[in-house]
Amino acid sequence: MKPFTTLDALAAPLLKDNIDTDVIIPIDRLIAYAPDELGPFCFEPWRRDPSGGIDPGFVLHQPRYQGAGILVTGRNFGCGSSREHAVWALLAAGIRCVIAPSFGDIFRSNCYQNGLLPLQLAGDAYEAVCRHVCDSAEPRLRVDLGERTVQAEGLGTLGFDIDPLHQQALLRGRDRIAMTLEHLAMIQTFEKQSQARQPWLLPADAQAPRKLLMLPGDGIGPEIMPQVRRVVEWFASRRDVPLQLDEEPYGIAAWKAHGSLMPDHLWRKILDADAILFGATGSPEYADIPYEARKHDQLIRMRKELDLFTNLRPVKSLAALRDASTLRPEVLEGCDMVLVRELTGGIYFGEPRGIFDLPDGQRRGVNTCSYTTSEIQRIARAAFELARQRRGRVCSVDKSNVLEGGLLWRETVIELQQREYPDIELSHLYVDNCAMQLVRRPSQFDVLLTENLFGDILSDCAAMVAGSLGLLPSASLSAPDSLGRRKALYEPIHGSAPDIAGRGIANPLGAILSFAMCLRFTFGSEPDALLLEQAVERVLEQGLRTADIAAPGGPSVGTVRMGDAVIAQLERQAQGA
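Number 91 in the numbering used here belongs to position 91 of the sequence shown; there are no gaps in the numbering.
If you want it as structure tokens, here you go:
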């Protein structure tokens, strides 16, 4: 983006409060025009009279304000939706600085990311600027970002505050990603130190090519995973991420191709892969497969035999998607948690299990929930280590008031924390209370530690924080080997959604964000993971929505179009736009 140092320009008054981004740039202009083509449509609802002609009374059409590079506005400028296009439209219209008493939070963030200065003035200073711009014969202002001053003849010099990091980013024309990458050597040094201290976090020999196996699976899997493939290939070609990518049919597709849900050659590839990128499993067509061929769940088998005992499910409230959640915005504010779910024990794997005939003609269904001390310790250790990299808090979930297994879980977690992690704050919740707290005040959680069944249920409950199951990624990890490498499976937490399969409307972002976790945990590349996560956030800030997160009756895009948008945003970030 273009650096902002000083600006000497005409300033135009648009002294209205709560100017919405939909007024700055109407939504119907976003699809047909590129960012640098939005200028003529900036404030379009106000530029034209009821007949559709140009309104000469609009302030930016008045001769004394034509060509203005500074806009002086009312309170809460840029409120409403979160798309970046509002900033792009202002820049395309020649506006480099907006002066206001306050701004919409997301709009202000987008300004910093695109080279427009949101200059906040209040009280007497703001009133003085308004009088100067409205009454002066030549309504010019000089803004000096380095000195943090606003000057004009007859106005004097006024100071303003700005966060030093934002100030430096604008002065140098660098967005957050570019500023972060300037410290790449420091980041890499930190990663090496972290590898030495905590080898489970970063694999050794991080530059050796990783073998990725893509399994699209059932339902919407074959629709979302091609978009993941595009992102994977982008990182391989544009960011030199060392990988070997292979793909195989899985589930119904494997049955149709090979007459087996898990042919031998596929299992060999699974065992050989460093990481699996998984789509979804589940289809009504399984009912047509003989029971003996389908009685074993192959995804459960992968988790067990690869020992993928640590399941990480991050849940974060994005400001751009507050309206997609059924929870109130003030409830969602500040939510950023990770669910750490034990994945290879508990009721999904315990024995005995089955459905049994009884002598009196009834049938009994039996599942066994069982955990050993060592199984609890290793998943609790993963949660505590993760908390050390975050905000230092773990909440352990159980049902120890009625279940003996829950009592052992709580006793073991407490003992481990007291012995090895006294620096971590540990709390406990019964699972039913935890479900309530997730929708009551999700921001209270940092790391949430659960056994298998509880984690399965609670993570779906937590999806309402994000707005949709289609947005949430997950990583399932084994313990690291002697080289620090671990087996991994990455998948969105949504199911196969057979009701929308084949329609091209599924949300691919959960699967794409799962690859961001792959970049972080399998490749040990935090900068690349952040790059992809920010690209997804920016696409959402621009207003693009798949049907699952679109407002009722609002516009939505399909699976491929959302993939296009992520790739385009990655390109913009890579070019420093």
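Cβ atoms here follow ideal geometry from the backbone N, Cα and C, with glycine treated the same way.
Residue i - containing beta strand (DSSP E), residue span
i	result
residue 276	275-280
residue 363	363-368
residue 620	Lying outside 1 to 577, the shown extent of the chain, residue 620 is not represented and no answer is given.
residue 143	140-144
Alpha carbon of residue i to alpha carbon of residue j, nearest angstrom
i	j	result
residue 534	residue 209	25 Å
residue 38	residue 437	44 Å
residue 497	residue 406	33 Å
residue 388	residue 424	7 Å
residue 54	residue 542	28 Å
residue 426	residue 394	5 Å
residue 449	residue 259	40 Å
residue 41	residue 87	12 Å
residue 282	residue 474	18 Å
residue 21	residue 223	33 Å
residue 430	residue 440	15 Å
residue 204	residue 484	Its pLDDT being 48, under 50, residue 204 is placed unreliably in this model, and the coordinates cannot settle the point.
residue 254	residue 262	7 Å
residue 275	residue 238	21 Å
residue 569	residue 272	33 Å
residue 350	residue 573	48 Å
residue 341	residue 412	16 Å
residue 435	residue 445	12 Å
residue 550	residue 324	7 Å
residue 109	residue 178	15 Å
residue 463	residue 410	25 Å
Backbone secondary structure at residue i - three-state DSSP
i	result
residue 337	strand
residue 72	strand
residue 351	strand
residue 557	coil
residue 204	Below a pLDDT of 50, predicted positions are generally treated as unreliable, and residue 204, at 48, falls in that range; the measurement from the model is reported next regardless. Coil at residue 204, not helix or strand.
residue 416	helix
residue 14	strand
residue 2	coil
residue 327	coil
residue 163	coil
residue 574	helix
residue 564	helix
residue 656	Shown here, the chain extends from 1 to 577; a query on residue 656 therefore has no answer.
residue 54	strand
residue 360	coil
Beta-carbon proximity list for residue i, same chain, < 8 Å, skipping 5 on both sides
i	result
residue 257	249
residue 284	498
residue 115	1, 2, 3, 4, 91, 96, 170, 173
residue 302	270, 276, 308, 489
residue 130	13, 15, 72
Residue i CB to nearest heavy atom of the ligand SAM below 7 Å
i	result
residue 434	Ligands displayed in this structure: none; no statement on the ligand SAM is therefore possible.
Start-to-end residues for the alpha helix (DSSP H) that takes in residue i
i	result
residue 103	Unbroken run through residue 103: none, as it is neither H nor E.
residue 305	298-305
residue 84	Residue 84 -> no alpha helix (DSSP H), and no H or E assigned at all.
residue 294	291-294
residue 156	Premise fails: residue 156 lies in the beta strand (DSSP E), 156-159, not in any alpha helix (DSSP H).
residue 430	It is not in any alpha helix (DSSP H) - residue 430 instead sits in the beta strand (DSSP E) that spans 425-430.
residue 149	Premise fails: residue 149 lies in the beta strand (DSSP E), 149-152, not in any alpha helix (DSSP H).
residue 288	Where residue 288 is concerned, there is no enclosing alpha helix (DSSP H), given that its DSSP letter is neither H nor E.
residue 120	Premise fails: residue 120 lies in the beta strand (DSSP E), 117-120, not in any alpha helix (DSSP H).
residue 45	44-47
residue 181	176-181
residue 21	21-24
residue 126	123-135
Same chain only: Cβ atoms within 7 Å of residue i, ignoring 5 sequence neighbours per side
i	result
residue 357	363
residue 346	369, 371, 451, 452, 453
residue 126	101
residue 242	207, 208, 209, 210
residue 220	280, 496, 497, 500, 501, 506
residue 527	180, 181, 184, 187
Own chain residues within Cβ distance below 6 Å of residue i, not counting five before or after
i	result
residue 119	97, 99, 160
residue 442	335, 465
residue 113	175
residue 547	505, 556
residue 298	261, 262
residue 286	294
residue 511	224, 228, 492
_Contained beta strand (DSSP E) runs [length at least 3] in the region 209-256, N- to C-terminal order_ = 210-217, 243-247
_Inside the region 489-552 only - alpha helix (DSSP H) runs reaching at least 4 residues_ = 509-521, 526-541
_I'd like the ranges of any alpha helix (DSSP H) spanning at least 4 consecutive residues and lying wholly in the region 373-405._
Within the region 373-405, the runs of alpha helix (DSSP H) at least 4 residues long that lie entirely inside it are, in chain order, 373-389.
_Could you tell me which whole beta strand (DSSP E) segments of length 3 or greater appear in the region 435-494?_
447-450, 475-477, 488-490
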